[in-house]
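For the sequence shown, the positions run 1 to 283 when full-length UniProt numbering is used. By construction, the Cβ of each residue, glycine as well, lies at the ideal position given by its N, Cα and C atoms. Treat the numbers as computed from the prediction; the structure is a model and nothing was measured. To start, the structure under review is shown below, and the notes come after it.
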Amino acid sequence: MSEPDLYLLGRAGPEEERLKRQIANLAPDSDQQLERIGIRPGERIIDLGCGPGGVLHLLGKRVGPTGSVLGIERDAHFVDLARRFVASHALPQVEVHEGDAYDSGLPRGSFDGAHMRLVLVNVPQPERIVREMVSLVKPGGWIASFEADFLAHICDPPLAAWDRLLAAYVAYSAARGIDLHIGRRAHRLFREAGVEALSTDAIVHVYPPGHDRRPILRDFIANVREGLVGEGFVGRAELDADLQALDRHLADPSVLVTSHLFFRVIGRVPSARPTPHGQSVCR
């Protein structure tokens with residue numbers, strides 16, 4: 001059964017444009033992670049929650065014309081955007097289908113690898129998506145996860161308005177069962193799903209003036225502002241005043257802004273599982 005659309009940030013025009021910018025913003029970090037996997041030409045890969053493009057072009061180039069990449073995205077408009085994105089990169093080996101990451105309906109163990117970026121930080125019950133992702137990979141195949149943790153997202157000098165806005169956003173997310181610190185737990189979710197040979201690294205960036213992601217806290221607040229006000233997490237006048245203070249702060253070139261802490265997890269689906277007598281059988 002398909003889940004209702006629980007994506008935290010909605011799918012209005014501003015979020016669509018942010019996700020389009022994110023394709024380029026995060027490409028170097030994602031490409032570095034994919035390089036570590038050692039993807040071979042001819043592999044069959046699935047990308048869960050690909051949005052309007054994500055890393056489909058990076059995966060498509062790595063599998064080459066003899067491989068295939070399937071992007072799964074639940075929003076029909078984003079599916080159309082992703083298909084256009086793939087066409088613009090001339091990658092016929094990449095397809096995009098409308099589907100649900102909680103329950104894809106795809107055959108178990110049918111992919112050589114599975115990838116997911118910044119999905120778990122925006123949805124409830126992330127462990128269910130992790131289990132679905134792992135189940136789609138062949139024994140011995142790989143998984144790759146790229147997830148955010150809001151721990152490192154700070155500004156300096158500090159700003160009371162920043163702290164209030166971030167606290168309201170964290171509370172709004174938690175009320176929906178969404179953990180904005182999921183990045184630090186991602187390795188554990190995959191381990192609990194049976195993934196082995198896990199390796200994890202973490203990266204953080206400084207966003208200078210003019211960087212697309214310097215105002216990302218403001219972008220997130222703008223996407224959910226009606227919910228924040230309507231559900232009583234913050235008053236409208238206070239929200240507007242804090243956003244104005246945030247804008248002034250971000251415009252100051254002496255203010256330092258750091259990214260979220262991005263956790264990159266890579267692992268392998270076991271090629272065999274132990275029997276009750278300690279022997280192994282092929283999966």
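Distance between residue 215 and residue 158 (C-alpha atoms, nearest Å): Working through the sequence shown from its first residue, we reach residue 158 at position 158. Working through the sequence shown from its first residue, we reach residue 215 at position 215. Rounded to the nearest angstrom, the two C-alpha atoms are 15 Å apart.
Residue 153 - containing beta strand (DSSP E), residue span: Mapped onto the sequence shown, residue 153 falls at position 153. No beta strand (DSSP E) holds residue 153; DSSP gives it neither H nor E.
Residue 82, buried or exposed, once every other Cβ within 10 Å from all chains shown has been counted against 16: Here residue 82 corresponds to residue number 82 of the sequence shown, with the count starting at 1. Around the C-beta of residue 82, 16 or more other C-beta atoms lie within 10 Å, and the residue is accordingly described as buried.
Assigned secondary structure, residue 126 (DSSP; H/G/I helix, E/B strand, else coil): What you label residue 126 is simply residue 126 of the sequence shown in a count that begins at 1. Helix.
Residue closest to residue 266, alpha-carbon to alpha-carbon, out of 69, 119, 114 and 138: As a first step, residue 266 is located in the sequence shown; it is residue number 266 there, counting from the start. Of all alpha-carbon atoms in 69, 119, 114 and 138, the one lying nearest the alpha-carbon of residue 266 is that of 114.
Neighbourhood of residue 46 by C-beta, 7 Å cutoff - its chain only, sequence neighbours within 5 removed: Taking the sequence shown and counting its residues from 1, the one referred to as residue 46 is at position 46. Only residues of its own chain outside the window of five on either side were considered, and among them 70, 72, 111, 114 and 136 have a CB closer than 7 Å to the CB of residue 46, listed in chain order.
Of the residues 204, 34, 230 and 169, the one placed nearest residue 219, counting alpha carbons only: Indexing the sequence shown from 1 puts residue 219 at position 219. Closest by alpha carbon: 169.
Beta strand (DSSP E) segment containing residue 201, residue limits: Here residue 201 corresponds to residue number 201 of the sequence shown, with the count starting at 1. Residues 196-203.
Outcome for residue 230 when other beta-carbon atoms lying within 10 angstroms are tallied against a minimum of 16: On the sequence shown, position 230 is the one that residue 230 refers to. That one is exposed.
Buried/exposed call for residue 48, threshold 16 Cβ in 10 Å: Here residue 48 is taken as the residue at index 48 of the sequence shown, counted from 1. Classification of residue 48: buried, given that the 10 Å Cβ count is 16 or more.
Given 8 Å, three or more beta-carbon pairs between the segment 116-134 and the segment 166-182: A contact between stretches requires three or more CB pairs, one per stretch, nearer than 8 Å, and the segment 116-134 meets this requirement with the segment 166-182.
Contact between the segment 257-271 and the segment 196-210 (3+ Cβ pairs under 8 Å): Yes: the two stretches touch, three or more of their Cβ pairs being nearer than 8 Å.
Segment limits, beta strand (DSSP E) that includes residue 211: In the sequence shown, residue 211 corresponds to position 211, counting from 1. Per DSSP, residue 211 belongs to no beta strand (DSSP E) and is neither H nor E.
CB of residue 187 within 8 Å of CB of residue 260, strictly: Here residue 187 refers to the residue found at position 187 when the sequence shown is read from its first residue. Here residue 260 refers to the residue found at position 260 when the sequence shown is read from its first residue. No. Outside cutoff.
C-beta contact flag for residue 285 and residue 60 at 8 Å: Residue 285 is absent from the model: the chain starts at 1 and stops at 283.
Reduced DSSP secondary structure (H/G/I, E/B, other) of residue 259: Sequence index remark: in the sequence shown, residue 259 carries index 259 (1-based). In the structure shown, the three-state DSSP call for residue 259 is coil.
Any beta strand (DSSP E) of 3 or more consecutive residues that is wholly inside the segment 52-85: Taking only runs of at least 3 residues, the beta strand (DSSP E) segments lying wholly in the segment 52-85 are 68-73.
Residue 213 to residue 174 span [Cα, whole Å]: As a position in the sequence shown, residue 213 is number 213, starting the count at 1. As a position in the sequence shown, residue 174 is number 174, starting the count at 1. Approximately 23 Å between the Cα atoms of the pair.
DSSP three-state assignment for residue 252, whether helix, strand or coil: Along the sequence shown, read from residue 1 onward, the residue named residue 252 stands at position 252. DSSP places residue 252 in coil when its eight states are reduced to three.
Spatially closest choice to residue 208 from 156, 147 and 253, by CA coordinates: The sequence position of residue 208 within the sequence shown is 208, counting from 1. Considering only alpha carbons, the answer is 253.
Paired residues, beta bridge with residue 190 - DSSP: Your numbering for residue 190 matches position 190 in the sequence shown. In the DSSP assignment, residue 190 is bridged to no other residue.
Distance CB(residue 222)-CB(residue 14) smaller than 8 Å: Reading the sequence shown from its first residue, position 222 is the one you call residue 222. Reading the sequence shown from its first residue, position 14 is the one you call residue 14. In this structure, the beta-carbon distance from residue 222 to residue 14 falls below 8 Å.
The segment 134-150 contacting the segment 231-239, beta-carbon criterion three pairs below 8 Å: No, because fewer than three Cβ pairs between the segment 134-150 and the segment 231-239 fall closer than 8 Å, the two stretches do not touch.
Contact set for residue 44: own chain, Cβ-Cβ below 7 Å, skip 5 residues either direction: The count along the sequence shown starts at 1 and reaches residue 44 at position 44. So the list reads 67, 68, 111 and 112, once near-sequence residues are dropped.
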